[in-house]
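Participant: Handing you a structure now.
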Amino acid sequence: MAGIEQELAKLNFGLALIEPARQDSKRTRTTSGSNSSETNKLTAPELVKRLKELHAELSQLEQGAVEIASLDTVKAELVHASLIVHSKDRGVKAYLACCLADILRLYAPDAPYTADELKLIFQFTFRQLACLKSGATTYHPQYFYLLESFAAVKSIVLVCDLPSADALLITIFEDLFTYTAIDLPAEIRSAIGDILVHLIDEAQTISTDLLTTILSQFEPDRPPAALKTASQVLIKTSDRLQRNVGQYFAELLLNTASTDDAGQSAAFDMDELENAHEVIIAIAQHASPVLLSVIPQLESQLGSRDVKVRTLATHSFARMLAQTSTREDFTRAYPRIWDLWLRRLYDSEPSVRIAALKYLIPVWKAHPFQSTDLDNHLCIKLQEPDDKVRQAALLAFASIDLDMLRHHVQPATFRTLVERVCDKRPILQTLAAKTAANLYVHALPLLEAKDTRATALLGDVPTSLLSVFSTVDRGLMNTIRSIFLSTILKLPEQSDELSGWLQRFIFICSGLPDAQLGLLVVLGNLREHRPNEMDSYLRFAAKYNGGVMDKNEDKIAAGLHSYIKKLSAGFVDSAKAVADLQRLAKLNDARLFKLLAACVDVDATLKGLHEAKRALDLRLREKIPEVHDTVNGLYERYALHFINRSTIKALVDAAALNAGADTAADKTLARILAHVSKAKPQLCKDSVSALGMIITTGAPKCLVNPAMRITTALIASDDLESTFDSAATTAAKERLLVLVPNDAKITARFLAVTSPAEDSKALQNALLDSSQDRPTSSRLASLTGLAKADPKIFDGAVSRTALDLALTTISRAATAGSPDDLTAGYWALKLLKRLLAVKDLAEEVFLGSIAACTSVLETADQVCDASVEEARAEMRLASAKALLRLLRLPRRSAGRFGAFERLAWTIQDPVFSVRNRFLIAVIKGLLQRRLPVTEFGVILFLTAHDPEAENIQNANAGISRLIAANAADVGNPEVEMALVRLLHMLAHHPDYAATPEGLLLSQKYIDFFIESVATSTNASLLYYLAAKCKTVQDQHDASTTESIYVLAELTQYRLKQHASSRSWVLSEFPGRMRMPGDIYKPLHSKAESHRVANTQYLSAELLDGLERLPDATRASAKSAAPREGSAKPAAKRKAPATGKPRAKARAKKRRPSYELSDSENEAGASDSGAELESDYI
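Quick note: the sequence shown, position 1154, residue 1594 per the numbering used here, numbers continuous.
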């Protein structure tokens, strides 16, 4: 230690410390503790130099490695008043503060000074840190050293032991927060934060004033840097300050939530409460751990009787939940408060419910794991009785972006939004429609890419909006029209954008059912008859001449008023519309009338339409701006927006160049052109050459019929010469000989108008000539086309001949039962409607056709020659498809059940191609909702024993798609309800037997159903449905009732095993389901019901025998897949009672056009989809 003393002695601090020289005088001072009375006169620079050298020496000394007593002299001199109090030089102060910090560091953990000296030291050092506010200075490193020393050594905590610690702490905190408010380097802010943390950790008490200083940094007007430092301090000291912060807010929060005996809230300052909430919200965002005891206090305010307090608490808690810093732990850490906030969505006061809805979506985004609950609440709020709350819910939904919609919103909730389009309030109708339309437009790229989730949610938006377009509510109709014109199908302004718009238009139309496509046609004003009331108004307005007429004044005025009334009927505010239209007529601006006429002109092109509309808007602003809304409404209602000369020509010309197979766009265009041919075929006048090319070449094939229909309509309306292109007529005559019936009908109409009358008469005679080698169905269809084109040619004997042909064909179809006869019978009915409008034959034909189809299906078990086997197989398939069409009709008859049962077993036909193509047809009908899922869905589960994996994969894919399609309809479990029909069908199966071997066959069907359909959520429902089968009896055959009971108990047994293997809970199903009355009927009495319920039909012996079956027996129950080229028998069935042997193994018949692709086969049951036949009945 002698070396240290010698080094310190060199600095002459043992002799004297001279106060820095002032500019006006100097004085001498004798040092204490010196053996001589030497006088030193030191200037400020010299003193800075000495202090700097001392600081350099002290900073090198390590704590604990120095003899403390050797520092006593220096320690005492450093706190001399001449330095620490009177020194004014910034350098002296900076180095003196560093030296003092070094002394405190070396003496730590002991205090080297008295309490008064320490107070003086800390006041002095923190005054030096005030220089940080002035930014970078010469002594900036010394200030940082001082901060870093206090932060690292924690010598600053000596403040906490001083008698006046509370006041000094407040001063230090205020000063340091003031310093952090400026733009300081990160390391300085970090050191300041560490110092504050040390002081809080070591403080004996945290005074209210000190806590106020800290929490005031979270007020809205505080600088962000100070807020950041305060946040870091609170996070690091959250364990220490949680209780103090809780007490700080407790009095205010609890007092405002309390009420007296009269139910009145205690007196409080609302501004103070709002400020407290703002601070709490800021703390929750930046330092939420410290609020551990504050958050529960909000519970009392969320339940306060004061509406203002409850509303404020609802707002505040929602804002806290919406902050990203709260995230997952918040709702799970405070489940009671989370539940209480959710209850505010159902508060008795609408204002509170609105407050909760305002932040519902931000809360949802911050807590996506709560999606299920929040989605359900939003769905309920969309149906809220209060108009303002419903509006708040719609505004909340409008803030949902596409990504959130796809991942977190359920289809049922989105459907509820779309249902709000029919809200009683127009403003809510518009808001709902705009929200749905905007989301749909944003999702169009995903929809075009066939994104499954986007399609399930948004694919039906145009369909849903168009479905309400036919309402009697004029305001709603106008809203839907405006949404389509301004959002979904907004016409392009530039010609180079037309191609992209046409692709969007075709895509949207391709997803519309026929009914909704027709409504879109109506919305686009394609079906407006011309001249209409708009044309008449313009004509009478011109004659009215502003009220100055030469003659017929009363007639013209009455006519004008009549058409004004008709036009105004389409507006919600009809009185305003009447006044506006009268004002427009009174203005008598010929330019305005001409522009308005150009906008609604049938022959307007897209370019002309835009130019006319822009000029019209400009003219209205100049002349009569107050009628702009009314005139714009007329434009929307009468102009041809989507389907006009420009768009039709572009579509048809592009399609005519396609010489290959029909594309999806071609097929959609064919549907559109079908409407054009009926409403405004004149729009295609510019495309006559393209239509002729399509007819002549026969490609695209799907457009040939629409091209003929439009050409026929153009000729019939005298918009086109009847002497049409001879090449097209010749091609049509050649096609007539080989066409299918529907095409033959259209072609016959085309020939009737493009050919001379004698040619049409000759064609009629040829069609009525039975000696002609032409299919009867095509002949009948062609005659139907002729009758529609020119009914006059069917007169007298000709009409009688045609009638006899139709009646004979229908009779043959009802008895013979071949596919051709059935088809011919259909067209015979069409002809009869044209000739006699006979309606009472329909039921007779219906029953006869069912009997005929059933008889054809029975040939599956008949022995036949190999030469006719393929033809018979095609007949059975055609009959099955025809029977699908007939049985889907909502009719009940005595033979319907037997027909359906026989139809269902077609899925086990001996020929693979019949089974495969029939399955695809059923899947397509189910997915298109043409077939009831509960009834016809049973057919998919009957593939369980199919020897071909392909059919089982197709069935699995179809079931998966059905389940996905019905997932949102929780209240209508169609797929699950198929279980009761499956059990009924299995009880009627030819191979059913109440033996272990027989039940094993049935069990495979049941297991297939359970594995495909059962989930943890619907297992209880399936168990309930199986039990429900023991409460009824067979409607058609009492002998199979006990078989149904056995299968029901087997299903329950297998369900229990399935649930147990997956740790599912089979709880009691809470609802009630009705059994289908067409196959079941109630038991005769309560006593019988009690007996059945208490009887076990699946005996222990049967069950034990079933479980004991060896693996070989189980394997034999599965039909082994035959080798390539061999027959593919169906599941085992009883042989017919003919005594004849079954036919030899049939060759496997495959039709690639009906099969799944390789990629789909590889994908398996989970994601493979059946390639559905395009000619499905």
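The beta-carbon is built from N, C-alpha and C at its ideal position, and this holds for glycine as well. Only a predicted model underlies this, so the values are computations on that prediction, with no experimental measurement involved.
#1: Evaluate residue 1581 with the Cβ neighbour count: other Cβ atoms within 10 Å of its Cβ, from every protein chain shown; 16 or more gives buried, anything less gives exposed.
#2: If you draw a straight line from the C-alpha of residue 997 to the C-alpha of residue 1328, how long is it?
#3: Does DSSP put residue 556 in a helix, in a strand, or in coil?
#4: In angstroms, rounded to a whole number, what distance separates the CA positions of residue 453 and residue 512?
#5: When you compare only the Cα positions, how much space is there between residue 1005 and residue 1022?
#6: According to DSSP, residue 1472 sits in a beta bridge with which residue or residues?
#7: Whose C-alpha, out of 1392, 1096 and 614, is nearest the C-alpha of residue 652?
#8: Return the CA-CA distance between residue 637 and residue 799, expressed in angstroms with no decimal places.
#9: What separation, rounded to the nearest whole angstrom, lies between the Cα atoms of residue 605 and residue 685?
#10: Tell me the rounded alpha-carbon separation between residue 1034 and residue 1182.
#11: Taking the alpha-carbon of residue 1222 as reference, which of 1189, 1008 and 1391 has the nearest alpha-carbon?
#12: When you compare each of 890, 849, 1357 and 692 to residue 815 by their alpha carbons, which one comes out closest?
#13: Check this for me: beta carbons of residue 609 and residue 643, under 8 Å apart or not?
#14: I believe residue 1143 touches residue 1087 by the beta-carbon criterion, under 8 Å. Please report the beta-carbon distance rounded to the nearest angstrom.
#15: DSSP three-state label for residue 1081, please.
#16: Alpha carbon to alpha carbon, how far is residue 1075 from residue 1180? Give it in angstroms, no decimals.
#17: Where does residue 1110 sit, in a helix, a strand or coil, going by DSSP?
#18: Can you tell me where the alpha helix (DSSP H) with residue 645 in it begins and where it stops?
#19: Could you tell me which of 572, 578 and 538 sits nearest to residue 561, measuring between CA atoms?
#20: Any chance you could list the beta strand (DSSP E) runs of at least 3 consecutive residues sitting entirely within the region 575-606, in chain order?
#21: Can you tell me which of the three DSSP states residue 1480 falls into?
#22: Using only the alpha-carbon positions, how far apart do residue 1496 and residue 1533 sit?
#23: Grab the span of the alpha helix (DSSP H) containing residue 542 for me, first residue to last.
#24: Which residue from 1508, 1377 and 1481 puts its Cα closest to that of residue 1452?
#25: In whole angstroms, what separates the C-alpha of residue 1000 from that of residue 1056?
#26: Secondary structure at residue 1348, three-state DSSP: helix, strand or coil?
#27: If you draw a straight line from the C-alpha of residue 1102 to the C-alpha of residue 1245, how long is it?
#28: Secondary structure at residue 1363, three-state DSSP: helix, strand or coil?
#29: How would you label residue 847, buried or exposed, when you count the other beta carbons within 10 angstroms and need 16 or more for buried?
#30: Would you kindly work out how many angstroms separate the C-alpha atoms of residue 381 and residue 1200, rounded to a whole number?
#31: Report all residues from its chain with a CB closer than 8 Å to the CB of residue 834; omit the five preceding and five following residues, and keep chain order.
#32: Who are the Cβ neighbours of residue 1491 in its own chain at under 6 Å, not counting the five residues just before and after it?
#33: Please name the residue, chosen from 894, 904, 612 and 499, that lies closest to residue 536 on a Cα-to-Cα basis.
#34: Is DSSP giving residue 933 helix, strand or coil here?
#35: In angstroms, rounded to a whole number, what distance separates the CA positions of residue 1482 and residue 851?
#36: Under 8 Å, with one C-beta from each stretch per pair, do the region 947-960 and the region 979-991 reach the 3-pair mark?
Facilitator: On the basis of the coordinates in this document:
#1: Low local confidence applies: a pLDDT of 33 at residue 1581 is under 50, so the model's placement there is unreliable, with the coordinate-based value given in what follows. Burial call: exposed.
#2: 57 Å
#3: helix
#4: Note that residue 453 scores 45 on pLDDT, short of 50, meaning its location in the model is unreliable and no value can be drawn from it.
#5: 10 Å
#6: 1522
#7: 614
#8: 35 Å
#9: 20 Å
#10: 45 Å
#11: 1189
#12: 849
#13: yes
#14: Actually they are not in contact, since the Cβ atoms of residue 1143 and residue 1087 sit about 16 Å apart, beyond 8 Å.
#15: coil
#16: 43 Å
#17: helix
#18: Where residue 645 is concerned, there is no enclosing alpha helix (DSSP H), given that its DSSP letter is neither H nor E.
#19: 538
#20: none
#21: helix
#22: 19 Å
#23: 530-547
#24: 1377
#25: 21 Å
#26: helix
#27: 35 Å
#28: helix
#29: exposed
#30: The structure shown does not extend to residue 381, since the chain is modelled only from 441 through 1617, so no value can be given for it.
#31: 822, 857, 860, 868, 871, 872 and 875
#32: 1446 and 1466
#33: 499
#34: coil
#35: 41 Å
#36: no
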